[in-house]
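Using numbering that gives the first Met the number 0, you'd call the opening residue of the sequence shown number 0 and step up by one each time.
Idealized CB from N, CA, C, for every residue including glycine.
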Amino acid sequence: MAELPYEADDDRGAGFVAPLASAVVRDADGKVVWDADAYGRVVGGCPATAHPSLWTQAGLLARRGLYEVAEGVYQVRGLDRAAMTLVEGDAGVVVVDPLRSAECAAAALRLYRGHRGDRPVSAVIYSHSRADRFGGSRGVTLGGVPVLAPAGFLDRAAEEFLYAAPAANRRAAYTYGPALPGGPEGRLGPARSAGTVSLVPPTALVERTGQEETLDGVRFLFQLVPGAALAFLLPERRALGLAVNAGDPPGGCDPRLWTRGLSEAITLFAGRADVAFAAHHEPVRGGEEVTRLLERHRDLHSYLHDQTVRLMNKGLTPQEIAECLQLPPALAALPGSAGVIRAVYQHYLGWFDGNPAHLWEHPPRQSAIRYVECLGGGAAVVALAERYAAGGDLRFAAQLLNHAVFADEGNKRARDLLAEVYTRLGHGARDPAWRNAYLMGALELTDGIAAADGGTVAPGTLAALGAEQVLDALAVRVDGPKAWSENLAIDWHLTDLGRRYRTVLSNGVLIRQADPPEGPVDLTLRLTQAQLVALLAGRGVGEVSREGDMRALKRLFAALDAPVPGFAIVTP
0 MAELPYEADD
10 DRGAGFVAPL
20 ASAVVRDADG
30 KVVWDADAYG
40 RVVGGCPATA
50 HPSLWTQAGL
60 LARRGLYEVA
70 EGVYQVRGLD
80 RAAMTLVEGD
90 AGVVVVDPLR
100 SAECAAAALR
110 LYRGHRGDRP
120 VSAVIYSHSR
130 ADRFGGSRGV
140 TLGGVPVLAP
150 AGFLDRAAEE
160 FLYAAPAANR
170 RAAYTYGPAL
180 PGGPEGRLGP
190 ARSAGTVSLV
200 PPTALVERTG
210 QEETLDGVRF
220 LFQLVPGAAL
230 AFLLPERRAL
240 GLAVNAGDPP
250 GGCDPRLWTR
260 GLSEAITLFA
270 GRADVAFAAH
280 HEPVRGGEEV
290 TRLLERHRDL
300 HSYLHDQTVR
310 LMNKGLTPQE
320 IAECLQLPPA
330 LAALPGSAGV
340 IRAVYQHYLG
350 WFDGNPAHLW
360 EHPPRQSAIR
370 YVECLGGGAA
380 VVALAERYAA
390 GGDLRFAAQL
400 LNHAVFADEG
410 NKRARDLLAE
420 VYTRLGHGAR
430 DPAWRNAYLM
440 GALELTDGIA
450 AADGGTVAPG
460 TLAALGAEQV
470 LDALAVRVDG
480 PKAWSENLAI
490 DWHLTDLGRR
500 YRTVLSNGVL
510 IRQADPPEGP
520 VDLTLRLTQA
530 QLVALLAGRG
540 VGEVSREGDM
550 RALKRLFAAL
560 DAPVPGFAIV
570 TP
């Protein structure tokens, strides 16, 4: 078994300044929103229930406390899945990526101040549009300071945080495994904070690569990374902050732009940094090692892109490419290739693999019923799965048992065996998200769907995303068939922004228009953006000025559908 080169409680790693004062963070009501000890100790030799590579990475994540990355550059690790970076300036400190919740961000700031002095927060930078980079913003500032974000930040943040939030949170339960017990049998590494998600809106955007900004006397040289993300160089500190450069490209990102962005980062930063740091990884030290890090990830993504295109042009499907594509030995240790392969394929060819049999398949439950019938019934399918599992083919055993469960979710033997197979697959997984997904699937089969806790949303956070995003979020809740016969128009005059929007509901779709031409509408409302958010949240119109038929608002609300936050995944 592989041995870790340290014990996390004894050797804190390079740059260690101080441990966390407490591993537990609570909200104002006393509820625990973060427990750094909940995933257990990761020390000693790798157990049989974990992949050696993942065990080593979990040990690195177990390091927590305040760390010095470079002169005047610090990170607080262990108060969320991400690290919060603090860059000391002339009068205060610039906070980069203030974690996912206000409570954890405030705890991180307290730890920093306890050892570096009570410096005020002089600016905030969001390096990416994911909630773990901005959700804790109100834990470090209530505004009144520069807040920088990449161009496109609000639109990309709304995609995850607003439009698809119920589905994203449900999927996040599988990615992060909050319901799993921590330790060698369960989750290796932290889940995510269940505290208050907030957003102090950006006051300025980074629009281009090469843009320089001076914040509190510190010079930042920015690179605009595809997917609404930022990397930056602190030239005087010779420190490089990497957003998602050295990771997998975000969904919807052109894979060619991603590899070109890595090449651009090498051109911009090679030889100019002695340390590179990021939100989810240990710092890399040494100028040559920093350049090598960027080069390896550039080569990996370029290789995956080019080889995927080569193989898809030979007729292979994404599953076949992921199975046969071999990485060069120097790149084989880098994770995430299967996801990149599918992203490249879908970018060029979409979801359809060209086989007409896949154009109009039955939905999963209906297909499962037919497969199980053809295989001789549920008991026969379970017997076949037992044989494959005993032979070590857990992948096909899972496919067979998935059919058995979807055909008859009351088949206890199929559920129990599938849970066992998922557990074995999870314990052998190298990727933490794969491990959590398998183990969460097993848990749901045995215990049912666990209540998700995505935290609370601070007042004003939705308004900070912008009126356009709030109205668009309304559109994705319209029950199309229910609204087929509706036809209504509402004007929204946002008095604090001096903007006017019109929403038109027709043919089951809600269309938003900015600064529409004059014309008849069913209802006109004059209100602030905060009142708009309150109104759409069902808190009433209050003192809002109105003209027209208020029944139009009731008709609009009647056409909306409520999301299902705890939908089934491993059962029909």
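Look at the beta carbons and you see the stretch 442-449 not touching the stretch 186-202: under three pairs across the two are nearer than 8 Å. The C-beta distance from GLY188 to ALA82 rounds to 13 Å, too long to meet the 8 Å contact threshold. Less than 8 Å separates the beta-carbon of TYR162 from that of ALA472. About 6 Å separates the Cβ atoms of HIS426 and ALA49, confirming a contact at the 8 Å cut-off. With contacts defined as CB atoms closer than 8 Å, LEU399 and ALA389 fail to qualify as a contacting pair. Taking a 10 Å sphere around the C-beta of LEU522, we find 16 or more other C-beta atoms and assign the residue as buried.
Excluding five sequence positions before and after ASP89, the CB atoms of its chain that fall closer than 6 Å to its own CB belong to ASP215 and GLY216, given in chain order.
Considering only MET549, THR266 and GLY518, the residue with the shortest C-alpha distance to TYR500 is GLY518. Where GLU212 is concerned, the enclosing beta strand (DSSP E) starts and stops at 211-214. In the DSSP assignment, TYR437 falls within the alpha helix (DSSP H) that extends over 431-446.
Annotated as distal: LEU233 and ALA275, with beta-carbon spacing of 8 Å or more.
For the set LEU179, VAL339 and PRO317, the Cα lying nearest the Cα of PHE351 is the one of PRO317. A straight line joining the alpha-carbon of PRO51 with that of VAL477 spans about 47 Å. Contact between LEU424 and ALA403 fails: their C-beta atoms lie close to 17 Å from each other, not under 8 Å. For GLN365, the enclosing alpha helix (DSSP H) stretches over residues 363-373. With contacts defined as CB atoms closer than 8 Å, PRO149 and LEU204 qualify as a contacting pair. Under the three-state reduction of DSSP, GLN56 is assigned to helix. HIS127 sits buried, since 16 or more C-beta atoms from the chains shown fall within 10 Å of its C-beta. DSSP, reduced to helix, strand and coil, places ASN506 outside both helices and strands of the structure shown, so it counts as coil. A distance below 8 Å separates the beta carbons of ALA432 and THR174. Partner residues in the beta bridge of PHE231, as assigned by DSSP, are PHE221 and GLY240. If you draw a 10 Å sphere on the C-beta of TYR347, you find fewer than 16 other C-beta atoms in it, and that means exposed. Rounded to whole angstroms, the separation of the alpha carbons of GLY453 and ARG169 is 9 Å. Annotated as proximal: THR202 and PRO145, with beta-carbon spacing under 8 Å. Around the beta carbon of GLN468, a 10 Å sphere encloses 16 or more other beta carbons of the protein chains shown; the residue is thus reported as buried.
Taking 4 residues as the minimum length, the alpha helix (DSSP H) runs contained wholly in the stretch 8-95 are 51-60, in order along the chain. The C-beta separation of ARG297 from LEU261 comes to about 4 Å, placing the pair in contact by the 8 Å criterion. Close CB contacts of THR290 within its chain, under the 6 Å cut and outside five residues either way in sequence, are with ALA269 (chain order). By the Cβ-count criterion, TRP359 is exposed, with fewer than 16 other Cβ atoms from all chains shown falling within 10 Å of its own Cβ. With a cutoff of 8 Å on beta-carbon distance, ALA35 and GLY77 are scored as near each other.
Short of 8 Å from the beta carbon of TYR302, and not among the five residues preceding or following it, lie these beta carbons of its own chain, in chain order: LEU326, PRO327 and LEU330. In this structure, the straight-line span from the alpha carbon of ALA466 to that of ARG511 is close to 10 Å. Per DSSP, ILE340 is one residue of the alpha helix (DSSP H) stretching across 336-348.
Counting of Cβ neighbours within 10 angstroms places ALA567 among the exposed residues, the total staying below 16. When the Cα atoms are used, PRO165 and ALA561 turn out to be separated by approximately 10 Å. Distance check between ARG155 and each of GLY143, PHE133 and ALA428 places PHE133 closest, using alpha-carbon atoms only.
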